[in-house]
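One structure is given here, and the rest of the page talks about it.
Structure, rendered in structure tokens:
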């Protein structure tokens, strides 16, 4: 994915570089001022391209050379002469040694009668070298003399990283300056505020002109340009807080390059683009590079607390934005409903060097526009921790009316097939909220609100060919209305008609009827009409009904009433101790179990297993 990387464009400083190159035609001393990493080296490369002079750079700070500053400077300014002298001396010494009586390999035969002369010359050179080594400190005198006398042929001496040199190296550089001052242009490069001698104003005495880097290389300029690149690349708008704060921290070109490397690493190499919120990920990367202590807080999941004394004042917020510490604390503690999930909801995805596991926004957008069987499967199977649900819950409000309608129709169709899921419930609840907002549905619901809810859903559900029982089933199943609330509205239901037997969810129709008559779980008050209605249930309706009456359980909880386990195992409660004090015992053997026994026996022959148990959870030992 290298083609996706953000490439930092070359900053054009050619005009400023040409102006500086013109200055170097005068044999004066300059100080090119800029902090480490601010782009001085790149600027000097531009100067070299536009200068008629030959720029010779010496970086004493990086050299691990035992030679003196004077000798190194001589070797750079007059390299041909320097190496000719050194090689000549080495050659003469070698020849003289090889021609001695101690080490004679016949080399003298090549010189014939001139042997004595060669020996004498070699001996003299060897003596000079030996003396040179003994009095090495004085060897600089030759280079000093040569530097002061030899022509420089339109050369410019650049002393790079002057601010990073040791005090001793700086002092030696000043000696070098005294030798060649006025003979060629000299440029000291570094951060003038960090130069050792700046305190006693020594440097100012030898510098003819201080030159600042062009404004195009200023931190505020380079970062503002970079922010525009990021916004275009990620199709987003970065917060003013983030942009103003970074611009104010004077991070230089090298810092920006380092930051961009990590942006490319996390978003493209590790594939986080689309898996994380861009603004928050950029903030985490910045903290990793420049605020390692705060990043460790994120890594260890420790709260970043901003003391009152650390809080930004109003003027600072306007001028340079909230501090990085404040911004990091904000993403730790606050949340937003966007997708991909925020740092607070999905911390691991934002930490550096971690691989993403969630799906991108684009992937999920395509899924929702496909109207496919896969979308239906996701709606049914996804739980609240899934990417699908998180995307749905965060983006539903911005879906088109057409999309919302399509999703609701899908849910209705799957719902009457005995399916349910958090995603289905969410779509149903949000569809209701758009018509009757939640703040208008304070508990307990008034009859007027109940009527509005039912009228809304009946018009939708009847259009999808749901019968009366299925409408009740849908309303209760998706927590739109309780049986009590349904019973208040449907107070005239009848179960002694032919129509009842044709209903597709007779269990929910009967449950609502019982609620309207205040007969819920009052088994001893049920007349024969109710028991005859129960006989009309199919197996699913039968099991669902008794689960709702707390007589039968399948181990899947109330929300699992429609699910028939693969092993078809159920528990029948023969009696219970009530939760309320004095924990009265209710026996169901005669009031319920004996009446449904024939049906249970029939179902057992069909593969169902019913285990009778007494519920003693609230039994009080006497």
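Residue numbers (the numbering used here): 9 to 630. Heads up, the beta-carbon is just placed ideally off N, CA and C, and yes, glycines get one too. All of these numbers come straight from a predicted model, not from anything done at the bench.
Per DSSP, the unbroken beta strand (DSSP E) holding residue 218 starts and ends at 217–220. Here the C-alpha atom of residue 285 lies approximately 13 Å from the C-alpha atom of residue 279. In the same chain as residue 459, and ignoring 5 residues on each side of it, the C-beta atoms closer than 8 Å to its own belong to 497, in chain order. Every beta strand (DSSP E) stretch that sits fully inside the region 33–107 and reaches 3 residues is listed by chain position as 37–41 and 62–66. Collapsing the DSSP output to three states places residue 271 in a helix. The C-alpha of residue 81 is placed about 30 Å away from the C-alpha of residue 23.
For residue 618, the secondary structure class from DSSP, reduced to helix, strand or coil, is strand. Annotation: the region 446–514 contains the following complete segments of the alpha helix (DSSP H) (minimum length 4 residues), in chain order: 455–471, 476–485, 491–497 and 506–510. Beyond the five residues adjoining it in sequence on each side, residue 274 comes within less than 7 Å, by CB distance, of 280, 289, 293 and 360 in the same chain, given in chain order. Taking a 10 Å sphere around the C-beta of residue 203, we find 16 or more other C-beta atoms and assign the residue as buried. Rounded to the nearest angstrom, the Cβ distance from residue 480 to residue 520 is 5 Å, consistent with a contact under 8 Å. The three-state secondary structure of residue 534, taken from DSSP, is coil. Using a Cβ distance threshold of 8 Å, residue 344 and residue 357 do not count as a contacting pair. Inter-residue distance for residue 333 and residue 88 is about 57 Å (C-alpha atoms, whole angstroms). Secondary structure note for residue 238: its alpha helix (DSSP H) is the uninterrupted segment 227–242. Between the region 481–500 and the region 446–458, the count of Cβ pairs shorter than 8 Å is three or higher; the stretches touch. Annotated three-state conformation of residue 398 is helix, per DSSP. Bounds of the alpha helix (DSSP H) holding residue 250 are 248–256. When the five nearest sequence neighbours on each side are left out, the beta carbons in the same chain lying within less than 8 Å of the beta carbon of residue 571 are those of 426, 562 and 564, in order along the chain.
Of the candidates 391, 603, 511 and 492, the residue whose Cα lies closest to the Cα of residue 535 is 603. Here the C-alpha atom of residue 328 lies approximately 19 Å from the C-alpha atom of residue 223. With 16 or more other Cβ atoms inside 10 Å of its own Cβ, residue 312 counts as buried. By the CB criterion at 8 Å, residue 560 and residue 620 fall outside the cutoff. Of the candidates 195, 187, 86 and 185, 195 places its Cα closest to the Cα of residue 55. CA-CA distance, residue 17 to residue 370, rounds to 28 Å.
Secondary structure of residue 377 (DSSP, three-state): helix. When the five nearest sequence neighbours on each side are left out, the beta carbons in the same chain lying within less than 8 Å of the beta carbon of residue 444 are those of 457, 460, 461 and 464, in order along the chain. When the alpha-carbon of residue 578 is set against those of 608, 592, 408 and 594, the nearest one is in 608.
Restricting attention to 180, 25 and 454, the CA atom closest to the CA of residue 60 is found in 25. Excluding residues up to 5 positions away in sequence, 576 lie with their Cβ nearer than 6 Å to the Cβ of residue 615 in the same chain. In the DSSP assignment, residue 164 falls within the beta strand (DSSP E) that extends over 163–167. With respect to residue 260, residue 43 sits close: the two C-beta atoms are nearer than 8 Å.
Taken through DSSP and simplified to helix, strand or coil, residue 583 comes out as strand. By the neighbour-count criterion, in which 16 or more other beta carbons inside 10 Å mark a residue as buried, residue 554 falls on the buried side. A straight-line Cα-Cα distance of about 14 Å links residue 557 and residue 533.
Ranked by Cα distance from residue 589, the first of 388, 626 and 617 is 626.
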